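Novice: Residue numbers (this note's numbering), protein chains in the order written: chain V, 19 to 330; chain P, 16 to 295.
Take a look at this one; I'll ask things after.
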């Protein structure tokens with residue numbers, strides 16, 4: 019499949035700059051991170067709404083929350099581990115417990131910084147933020163969804179965490195209103211339901227084609243909101259296919275797979291296989307080598323689903 | 016010679032200390048030492064220094080108080096109650112399930128609480144955000160913060176120290192409640208941040224040292240803000256932990272107090288006597 023590719027940072031920057039024209043409350047908090055997050059246009063247009071702090075992410079979250087108490091809508095974008103794991107307690111208390119309208123973007127999530135190694139991998143961000151009550155977690159799948167998710171995030175009242183890689187992003191979906199909390203049935207199927215989130219979903223879409231050619235009918239669900247998760251759709255998928263595979267560029271613990279298991283355990287227990295990153299500190303390397311090691315490439319996903327369907 | 020206002024503030028501070036005992040009685044225990052060391056400062060802020068309205072606690076141009084050392088929360092509750100932010104009967108629910116007065120303040124539960132604190136090292140970064148936001152809105156609001164001396168060991172404070180100076184937040188006023196004690200002993204023995212004022216001056220703050228349980232000195236310091244145009248303000252308030260109860264003063268054992276009945280009675284009597292003495 020060939021898609022037109024887009025620059026994720028440009029989408030982030032364009033949406034923030036355009037929305038800031040309409041919404042004076044939008045400010046940008048930066049930890050030496052905003053200019054490289056596509057926010058240059060905003061900074062040039064609104065220098066008095068741009069707060070550069072230098073490399074201090076605990077303060078980044080705290081200052082953003084403080085600004086939010088005065089009615090501002092702060093946007094804080096930096097690499098995923100440094101917006102979540104590093105300042106986790108500030109995220110929990112200052113944004114979560116204080117219920118502040120802060121928009122945190124964890125960019126370069128997953129293995130995007132593949133050559134930089136485990137300090138820069140963003141593989142536990144969903145798990146961490148999912149532990150903070152009341153925070154919406156978005157993981158858009160393509161360029162259209164990123165644009166829609168950015169807009170929905172800025173217009174939503176309440177804390178939001180959006181994770182995105184910054185690799186070139188295909189445009190798969192039509193531009194449409196992005197609805198927080200709603201999964202999308204990308205493909206109907208009856209043998210297995212594959213639920214996926216983030217850009218790795220593109221590999222799932224291709225794997226579903228391969229599976230179809232091999233006679234396996236996979237229902238495919240894109241889940242760009244991980245919290246609050248679309249429970250209704252998960253239960254529908256479980257009922258329709260009787261088994262679920264989850265796919266994410268995140269540790270297999272705590273992310274989308276765990277969220278789906280929690281829903282199934284509560285409402286409709288079915289076998290679930292979670293595909294993602296094993297609980298290891300992996301080597302740095304080329305992106306595709308890491309993805310293949312984790313069996314998150316099209317072939318790996320296809321084989322894992324085949325195996326699951328044949329043995330469950 | 017004390018002015019009438021200082022005498023009045025001192026009387027209010029005693030009544031606030033009585034409110035603290037009332038809360039400890041309701042819960043059976045509480046952070047007596049930390050509340051008592053800073054309560055004169057909190058009293059001076061709400062009854063002298065800050066632009067606030069207990070009947071309109073969210074008014075836009077108000078000054079903001081953030082208790083970074085959230086475990087001193089009883090001091091703030093006591094003063095808010097005395098100032099009329101809420102009915103004093105609520106003091107009797109301190110620490111109870113679903114009370115608006117948890118052991119550490121929750122901004123969504125009680126009018127007058129501007130931030131939810133308790134984990135140390137959060138308040139100053141929040142305050143920088145508030146000060147920036149107020150300035151962006153063209154408001155003259157000031158932001159007052161109390162940080163414990165032991166709390167200075169949290170590195171996040173020093174991130175905020177740099178931010179406040181870089182952004183020239185002269186609308187930010189920080190009191191260090193320098194009572195010299197923390198759970199494990201003397202702050203200077205556990206992890207010293209002396210000389211505190213010099214460290215902040217190094218970041219670009221304007222500083223003062225006061226006796227933090229001396230109402231006249233507290234008021235004079237508040238009135239002198241901003242100490243220097245374009246610089247954040249630091250007041251090192253040398254206080255006595257547990258000040259106001261003879262047995263607790265400068266005693267680390269009263270950081271968190273489970274009073275026996277006789278001890279509570281003694282603490283109450285000392286405050287009664289102090290009030291009587293003030294009337295004389």
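C-beta atoms are modelled at their ideal positions from N, C-alpha and C, and glycine is treated no differently.
Fair warning: this is a prediction, and the values are worked out from it, not measured in the lab.
Starting from residue 290(V), follow the beta strand (DSSP E) in both directions and report where the run begins and ends.
Specialist: Per DSSP, the unbroken beta strand (DSSP E) holding residue 290(V) starts and ends at 290-295.
Novice: Is the beta carbon of residue 125(V) less than 8 Å from the beta carbon of residue 96(V)?
Specialist: yes
Novice: Between the segment 145-153 of chain V and the segment 197-211 of chain V, can you find at least three pairs of beta-carbon atoms closer than 8 Å?
Specialist: Counting Cβ pairs under 8 Å, fewer than three are found: no touch.
Novice: How would you list, in chain order, the residues of chain V whose beta-carbon sits under 9 Å from the beta-carbon of residue 147(P)?
Specialist: Ordered by position in chain V, the residues that pass the 9 Å Cβ test against residue 147(P) are 45, 69, 81, 84, 85, 88 and 90.
Novice: Terminal residues of the continuous beta strand (DSSP E) containing residue 81(V)?
Specialist: Where residue 81(V) is concerned, there is no enclosing beta strand (DSSP E), although the alpha helix (DSSP H) it sits in stretches over 75-87.
Novice: Judging by CA-CA distance, which residue of 86(V), 325(V) and 89(V) is the nearest neighbour of residue 232(V)?
Specialist: The residue with the shortest Cα to Cα distance from residue 232(V) is 325(V).
Novice: What separation, rounded to the nearest whole angstrom, lies between the Cα atoms of residue 61(P) and residue 67(P)?
Specialist: 7 Å
Novice: Given that residue 115(V) touches chain P, what residues does it touch there, using C-beta distances under 7 Å?
Specialist: Chain P residues near residue 115(V): 131.
Novice: Which residue comes first and which comes last in the beta strand (DSSP E) that contains residue 192(P)?
Specialist: 187-193
Novice: Which whole-angstrom value is the C-beta distance of residue 218(P) and residue 176(P), which I expect to be below 8 Å?
Specialist: Indeed they touch by this definition, with Cβ atoms about 4 Å apart.
Novice: Taking residue 141(P) as the query, report the chain V residues whose CB atoms sit under 7 Å from its CB, ordered along the chain.
Specialist: 80, 83, 84 and 112
Novice: CA-CA distance, residue 88(P) and residue 80(P)?
Specialist: 12 Å
Novice: Whose Cβ in chain P lies nearer than 8 Å to the Cβ of residue 66(V)?
Specialist: 151
Novice: Listing by chain order, which chain P residues have their CB less than 7 Å from the CB of residue 170(V)?
Specialist: Result: empty, since nearest Cβ-Cβ is about 24 Å, beyond 7 Å.
Novice: Could you please give the first and the last residue of the uninterrupted alpha helix (DSSP H) stretch that includes residue 71(V)?
Specialist: Where residue 71(V) is concerned, there is no enclosing alpha helix (DSSP H), given that its DSSP letter is neither H nor E.
Novice: Looking only at C-alpha atoms, which of 129(V), 108(V) and 159(V) sits nearest to residue 138(P)?
Specialist: 108(V)
Novice: At 3 residues or longer, and completely inside the segment 16-74 of chain P: list those beta strand (DSSP E) runs for me, N to C.
Specialist: Every candidate beta strand (DSSP E) stretch fails here, since none sits fully inside the segment 16-74 of chain P while reaching 3 residues.
Novice: Go to residue 236(V), then tell me how far its beta strand (DSSP E) extends in each direction, as first and last residue.
Specialist: First-last of the beta strand (DSSP E) with residue 236(V): 236-240.
Novice: Looking at the C-beta of residue 74(V), does it have a partner C-beta in chain P at a distance below 8 Å?
Specialist: yes
Novice: Figure out for me which residue from 112(V), 195(V) and 56(V) has the closest Cα to the Cα of residue 9(V).
Specialist: Only positions 19 to 330 of chain V appear in this structure, which leaves residue 9(V) out of reach.
Novice: Check the Cβ of residue 35(V) against every Cβ in chain P and list those closer than 9 Å, keeping chain order.
Specialist: Simply none; closest approach about 18 Å.
Novice: Taking a contact to mean a Cβ-Cβ separation below 8 Å, would you say residue 243(V) touches residue 211(V) in this structure?
Specialist: No, they are not a contact pair.
Novice: Quick check: the Cα distance between residue 172(V) and residue 37(V), rounded to an integer number of angstroms?
Specialist: 8 Å
Novice: Taking Cβ to Cβ, would you say residue 41(P) is nearer than 8 Å to residue 108(P)?
Specialist: Yes.
Novice: For residue 58(V), tell me which candidate among 34(V), 80(V), 321(V) and 76(V) has the shortest Cα-Cα distance.
Specialist: Nearest C-alpha to residue 58(V): 34(V).
Novice: Note down the Cα distance separating residue 228(V) from residue 320(V), rounded to an integer number of angstroms.
Specialist: 7 Å
Novice: Residue 108(V) touches chain P at which residues, Cβ-Cβ below 8 Å?
Specialist: 137, 140 and 171
Novice: Taking Cβ positions, are residue 160(P) and residue 93(P) nearer each other than 8 Å?
Specialist: Against a cut-off of 8 Å, the Cβ pair of residue 93(P) and residue 160(P) comes out as no contact.
Novice: Is it buried or exposed, residue 248(V), if we count other Cβ atoms within 10 angstroms and call 16 or more buried?
Specialist: buried
Novice: My output table needs one value for residue 163(V): the three-state DSSP class, helix, strand or coil.
Specialist: Residue 163(V) falls in the helix class under three-state DSSP.
Novice: Using a Cβ-Cβ cut-off of 8 Å, state whether residue 84(P) counts as contacting chain V.
Specialist: Not closer than 8 Å to any Cβ of chain V, the Cβ of residue 84(P) fails to qualify, so no.
Novice: Could you check which residue in 20(V), 155(V) and 135(V) has the C-alpha nearest to that of residue 300(V)?
Specialist: 135(V)
Novice: Pull up the distance between the alpha-carbon of residue 62(V) and that of residue 155(V), whole angstroms please.
Specialist: 29 Å
Novice: Cutting at 6 Å between CB atoms, please list the residues of its own chain near residue 305(V), excluding the five before and the five after it.
Specialist: 129 and 132
Novice: Tell me which residues of the segment 302-326 of chain V have at least one Cβ-Cβ distance to chain P shorter than 8 Å, keeping chain order.
Specialist: Going along the segment 302-326 of chain V in chain order, one finds no residue with a Cβ nearer than 8 Å to chain P.
Novice: Taking C-alpha atoms, which residue in 91(P), 126(P), 64(P) and 253(P) lies nearest to residue 30(P)?
Specialist: 91(P)
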